[in-house]
Amino acid sequence: MQSAQATQKNGLGTGGGVTLDFVAVAPLRQSKLADQLYEQIMLQIVNGSLAIGEKLPSEAQLCQLFAVSRPVVREALARLRADNVIASRRGSGTYVQSRPAADLVRLAPSGVLAELLRCYEMRVALEGEAAYLAATPLPVDARDEAREWRLWWEETDAADRPAMEAERVAQLERATARDRHLAEHVTDFDALGS
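Under my numbering, residue 763 is the last one in the sequence shown; the count climbs by one each step, no gaps.
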């Protein structure tokens, strides 16, 4: 735990000689310049100042416009490229390739836009696969096994059910194994959406 004296050195004193007993859980950090530049360019694209197909200013011009170094510009452009928002053409420059949804940018807290876009892209990819798996019917043999199991269960006396034979348990496990695989994927997908 930080001492009161160390706390006052860090500028957290209250002014009248009294110090706060405060422990920093995690260091605070300013957002990176590349994050800020990324968001500035993204906002220009979303609000239509930069149209799809329009050429962005050169790296040198962006350095001057935003008063940042070339590595900062390159990092921001690399992230925009990775998010498929811009595309570079050798010898020609960098062009706007796509426009993200305005609501996505409007609702995103400052500094998390890139991460939000990546999560959105991952969800789009997973939704298609989950829909495919959910729509794929069980193979006939699995349906037959499940039907046999249900009939056996209904015909078996309730008193005999606790003493189910090992073969029937194995049949149940085989018949439901395919469904468990799908259920795990759907559960993982639902966790991503919340």
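Using N, Cα and C, we set each Cβ at its ideal position, and we do this for glycine too.
Mapping DSSP to helix, strand and coil, what is residue 622?
Residue 622 sits at position 53 when you count from the first residue of the sequence shown. If DSSP states are grouped into helix, strand and coil, residue 622 belongs with coil.
Please classify residue 593 as buried or exposed, where buried requires at least 16 other C-beta atoms within 10 Å of its C-beta.
Locating residue 593 in the sequence shown gives position 24, counting from the first residue. Bear in mind that the predicted position of residue 593 carries a pLDDT of just 45, short of 50, making it unreliable; the figure below should be weighed with that in mind. Label assigned to residue 593: exposed.
Does residue 651 pass the burial test, meaning 16 or more other C-beta atoms within 10 Å, or should it be called exposed?
Translated into positions along the sequence shown, residue 651 becomes position 82. Its Cβ having fewer than 16 others within 10 Å, residue 651 is exposed.
Which term fits residue 648, buried or exposed, when burial requires 16 or more other beta carbons within 10 angstroms of its beta carbon?
Residue mapping note: residue 648 aligns to position 79 of the sequence shown, counting from 1. Classification of residue 648: buried, given that the 10 Å Cβ count is 16 or more.
Going by DSSP in three states, residue 650 sits in which element: helix, strand or coil?
Looking up residue 650 in the sequence shown gives position 81. Residue 650 falls in the helix class under three-state DSSP.
Provide the residue span of the alpha helix (DSSP H) that contains residue 615, from first to last.
The residue you call residue 615 lines up with position 46 of the sequence shown. Here the alpha helix (DSSP H) through residue 615 covers 602 to 615.
In whole angstroms, what separates the C-alpha of residue 616 from that of residue 662?
In the sequence shown, counting from the first residue as 1, residue 616 sits at position 47. In the sequence shown, counting from the first residue as 1, residue 662 sits at position 93. If you take the alpha carbons of residue 616 and residue 662, they lie about 21 angstroms apart.
Of the residues 634, 621, 660, which one's Cα is nearest the Cα of residue 667?
Numbered from its first residue, the sequence shown carries residue 667 at position 98. Considering only alpha carbons, the answer is 621.
May I ask which residues mark the beginning and end of the alpha helix (DSSP H) holding residue 709?
Residue numbering aside, residue 709 sits at position 140 when the sequence shown is read from its first letter. Start and end: 709 to 724.
Tell me the rounded alpha-carbon separation between residue 602 and residue 641.
On the sequence shown, residue 602 is found 33 positions in, with the first residue counted as 1. On the sequence shown, residue 641 is found 72 positions in, with the first residue counted as 1. Taking the straight line joining both Cα atoms gives about 6 angstroms.
How long is the line joining the alpha carbons of residue 724 and residue 717, rounded to whole angstroms?
Here residue 724 refers to the residue found at position 155 of the sequence shown. Here residue 717 refers to the residue found at position 148 of the sequence shown. Taking C-alpha positions only, residue 724 is separated from residue 717 by approximately 11 angstroms.
Find the nearest neighbour of residue 608 within the set 705, 710, 645, 637, judged by alpha-carbon distance.
In the sequence shown, the residue the question calls residue 608 occupies position 39. Taking each of 705, 710, 645, 637 in turn and checking the Cα distance to residue 608, the smallest one comes out for 645.
Mind checking residue 591: buried by the 16 CB within 10 Å criterion, or exposed?
Here residue 591 is taken as the residue at index 22 of the sequence shown, counted from 1. The predicted position of residue 591 is uncertain, since its pLDDT is 47 and thus under 50; a value taken from the coordinates is nonetheless stated next. Under this definition residue 591 is an exposed residue.
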